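Peer 1:
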Amino acid sequence: VQQALEDGYKRLLEPAMETELRVLTKQKADEEAIRVFAENARQLLLAAPMGQKNVLAIDPGFRTGCKVVCLDKQGQLLENTAIYPHTGQGNVKNAEVAIKQLCEKHNIEAIAIGNGTAGRETESFVRGLNLPNVTIVMVNESGASIYSASDVAREEFPTQDITVRGAVSIGRRLMDPLAELVKIDPKSIGVGQYQHDVDQNKLQASLDDTVISAVNAVGVELNTASKQILAYVSGLGPTLAQNIVDYRNSNGAFKNRESLKKVPRLGDKAYEQAAGFLRIRNAENVLDTSGVHPERYAVVDKMAKDLGTTISVLMKDTTLQKQIKLQQYVTDEIGLPTLTDILKELAKPGRDPREAFEAFSFTDGVNEIADLRIGMKLPGIVTNITNFGAFVDIGVHQDGLVHTSQLANRFVANPNDIVKVHQKVEVTVMEVDAARKRISLSMKTEVSPKSEVRSQKPK
Numbered sequence: 002v003q004q005a006l007e008d009g010y011k012r013l014l015e016p017a018m019e020t021e022l023r024v025l026t027k028q029k030a031d032e033e034a035i036r037v038f039a040e041n042a043r044q045l046l047l048a049a050p051m052g053q054k055n056v057l058a059i060d061p062g063f064r065t066g067c068k069v070v071c072l073d074k075q076g077q078l079l080e081n082t083a084i085y086p087h088t089g090q091g092n093v094k095n096a097e098v099a100i101k102q103l104c105e106k107h108n109i110e111a112i113a114i115g116n117g118t119a120g121r122e123t124e125s126f127v128r129g130l131n132l133p134n135v136t137i138v139m140v141n142e143s144g145a146s147i148y149s150a151s152d153v154a155r156e157e158f159p160t161q162d163i164t165v166r167g168a169v170s171i172g173r174r175l176m177d178p179l180a181e182l183v184k185i186d187p188k189s190i191g192v193g194q195y196q197h198d199v200d201q202n203k204l205q206a207s208l209d210d211t212v213i214s215a216v217n218a219v220g221v222e223l224n225t226a227s228k229q230i231l232a233y234v235s236g237l238g239p240t241l242a243q244n245i246v247d248y249r250n251s252n253g254a255f256k257n258r259e260s261l262k263k264v265p266r267l268g269d270k271a272y273e274q275a276a277g278f279l280r281i282r283n284a285e286n287v288l289d290t291s292g293v294h295p296e297r298y299a300v301v302d303k304m305a306k307d308l309g310t311t312i313s314v315l316m317k318d319t320t321l322q323k324q325i326k327l328q329q330y331v332t333d334e335i336g337l338p339t340l341t342d343i344l345k346e347l348a349k350p351g352r353d354p355r356e357a358f359e360a361f362s363f364t365d366g367v368n369e370i371a372d373l374r375i376g377m378k379l380p381g382i383v384t385n386i387t388n389f390g391a392f393v394d395i396g397v398h399q400d401g402l403v404h405t406s407q408l409a410n411r412f413v414a415n416p417n418d419i420v421k422v423h424q425k426v427e428v429t430v431m432e433v434d435a436a437r438k439r440i441s442l443s444m445k446t447e448v449s450p451k452s453e454v455r456s457q458k459p460k
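Sequential numbering of the sequence shown, starting at 2, is according to my numbering.
1. Looking only at its own chain, which residues have a Cβ that is under 6 angstroms from the Cβ of Ala-34, when we skip the five neighbours before and after it?
2. Comparing C-alpha positions only, which one of Thr-88, Leu-46, Ala-48 sits nearest to Ala-66?
3. Ignoring anything shorter than 4 residues or poking outside the stretch 181-254, list the alpha helix (DSSP H) runs there in chain order.
4. Of all the options Ala-232, Arg-258, Glu-346, which has the alpha carbon lying nearest to the alpha carbon of Val-301?
5. In terms of residues, what are the limits of the beta strand (DSSP E) holding Ala-409?
6. Ile-84: which of Gln-77, Leu-78, Lys-94, Gly-76 sits nearest, CA to CA?
7. Consult DSSP for Val-331 and reduce its assignment to one of helix, strand or coil.
8. Using three-state DSSP, classify Lys-11 as helix, strand or coil.
9. What first and last residue would you give for the alpha helix (DSSP H) that runs through Val-169?
10. For Pro-50, report the span of its beta strand (DSSP E) as first-last.
11. Does the structure place the stretch 137-151 close enough to the stretch 162-173 that three or more beta carbon pairs sit under 8 angstroms?
12. Enumerate, from N- to C-terminal direction, the unbroken alpha helix (DSSP H) stretches of 4 or more residues contained entirely within the stretch 87-143.
13. Taking 8 angstroms as the limit between beta carbons, can you name the residues of its chain near Ala-218, skipping five residues before and five after?
14. So with Cβ pairs under 9 angstroms, would you call Ala-49 a contact of chain C?
15. Nearest CA to the CA of Thr-290: which residue from Arg-352, Val-216, Val-2, Ala-391?
16. In or out: Tyr-10 buried (at least 16 other Cβ within 10 Å) or exposed?
17. Please report how far the alpha carbon of Arg-174 lies from the alpha carbon of Glu-15, in whole angstroms.
18. Going straight from the alpha carbon of Glu-137 to that of Gly-253, what length do you get?
19. What are the start and end residues of the alpha helix (DSSP H) that includes Val-301?
20. Excluding the five sequence neighbours on either side, which residues of its own chain have a C-beta within less than 8 angstroms of the C-beta of Leu-308, listed in chain order?
21. So, with DSSP's three-state summary, where would you put Val-430?
22. I'd like to confirm the pairing. Which residues does DSSP put opposite Glu-80 in its beta bridges?
23. Across which residues does DSSP place Asp-60 in a beta bridge pair?
24. Report the option in Asp-8, Ala-49, Leu-13 whose CA atom is closest to the CA atom of Glu-359.
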């Protein structure tokens with residue numbers, strides 16, 4: 002019996018139990034990796050937009066030059082050219098003249114520079130021009146090359162080459178990251194951990210849900226939205242999004258939400274699901290600019306009449322809004338939470354949940370790993386968050402790692418409690434390994450940097 006038990010365990014039970022444990026552990030690891038990726042993607046999608054500005058965008062390069070594009074406030078391409086500020090003195094002068102002329106010609110308000118190869122050098126060159134009233138911003142260009150070679154980019158810019166499309170994407174990311182990032186596969190954004198090792202179907206499903214959630218949280222401007230972002234609106238999809246764009250091109254801008262029902266194949270159910278997430282700027286009905294669903298317009302109208310005023314006056318007058326007694330409008334169909342949301346929307350119609358935009362710049366003179374010194378305090382931008390820490394771009398073409406133990410002066414269980422993707426932070430250089438391109442950083446308020454030499458043996 003003893004031999005039978007031992008044989009049964011070794012030959013049958015142990016391998017089966019080991020396999021089952023491995024599968025369960027892998028599933029748990031997959032779920033956690035997918036959760037981290039989805040959370041990072043959401044933070045990146047909801048990064049602060051600069052808004053509608055005339056933008057000059059630069060896709061930097063050394064030998065091949067920098068591709069320059071000018072975009073209007075709607076993100077449409079006005080002009081493109083190439084400059085060569087890093088290949089010789091004569092070319093530097095020509096590049097200076099070209100940038101200044103383009104800024105003057107198109108009334109440029111902001112310059113977006115990709116953070117890839119030659120990014121810091123190009124930023125130094127542009128800042129040296131001392132352009133008046135122009136904001137200069139480094140933009141994360143991860144995935145821009147994926148977009149530039151995609152069918153979406155080819156359809157939008159059939160006559161332009163890949164470098165022009167990439168520069169356009171960089172400029173638009175500054176204006177509205179969400180509207181531009183939805184055009185590429187979220188897996189190409191580069192903000193995950195072990196993304197190629199997890200179940201790809203589950204990862205894709207989770208990321209799609211994340212994009213849908215982000216798009217609907219912000220809302221979509223119906224008259225300017227691309228078909229790519231419209232496709233993520235609740236109740237719509239690629240086909241209806243294309244139909245909306247076609248109808249808009251044929252009949253002009255939508256004047257009210259009700260006219261959505263005239264779009265081919267857009268039925269009552271799709272309208273019911275989508276209408277609350279679609280905004281119309283300067284609409285005939287002021288509620289069409291808000292997140293209030295058309296089904297609830299009657300309630301708002303009743304609130305206004307009870308106060309002896311109009312909806313448009315009510316939306317502008319906070320004193321009147323405070324006089325509304327929500328309890329008297331509660332019905333079987335409309336509960337207090339819904340009425341509370343409506344009141345919030347009346348106070349700030351079409352409010353954008355994203356944070357206000359703040360310009361950011363790296364430390365001058367710190368352009369590569371060789372420029373780093375132990376103990377340096379540098380500004381940086383969080384580019385990725387994992388379970389073991391956060392990666393921060395400090396402008397040296399190599400992200401540094403802030404280990405979980407260095408994120409704060411206390412124990413940190415989840416890095417997302419301390420930092421968010423695209424957050425601006427101040428870090429201290431702890432350790433630099435130039436040969437392996439590894440940079441250790443700290444966000445602690447009081448740190449004691451490690452020795453610069455890593456190969457010292459203990460005495």
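Heads up, the beta-carbon is just placed ideally off N, CA and C, and yes, glycines get one too. Because the structure is a prediction, the values reported are computed rather than measured.
Peer 2: Answer, in terms of the structure:
1. Gln-194, Tyr-195, Val-199
2. Strictly speaking, residue 66 in this sequence is Gly, with Ala absent from that position. Cα-wise, what sits closest to Gly-66 is Thr-88.
3. 201-219, 228-231, 239-252
4. Glu-346
5. Premise fails: Ala-409 is in no beta strand (DSSP E) and is neither H nor E.
6. Lys-94
7. coil
8. helix
9. 163-176
10. Premise fails: Pro-50 is in no beta strand (DSSP E) and is neither H nor E.
11. yes
12. 90-106, 120-128
13. Leu-47, Pro-354
14. Absent from the structure is chain C; it holds one protein chain and no more.
15. Arg-352
16. exposed
17. 53 angstroms
18. Residue identity differs from the one stated: residue 137 is Ile in this sequence, not Glu. Their Cα atoms are separated by approximately 35 angstroms.
19. 298-307
20. Leu-315, Leu-321, Gln-324, Ile-325
21. strand
22. Cys-71
23. Lys-68
24. Ala-49
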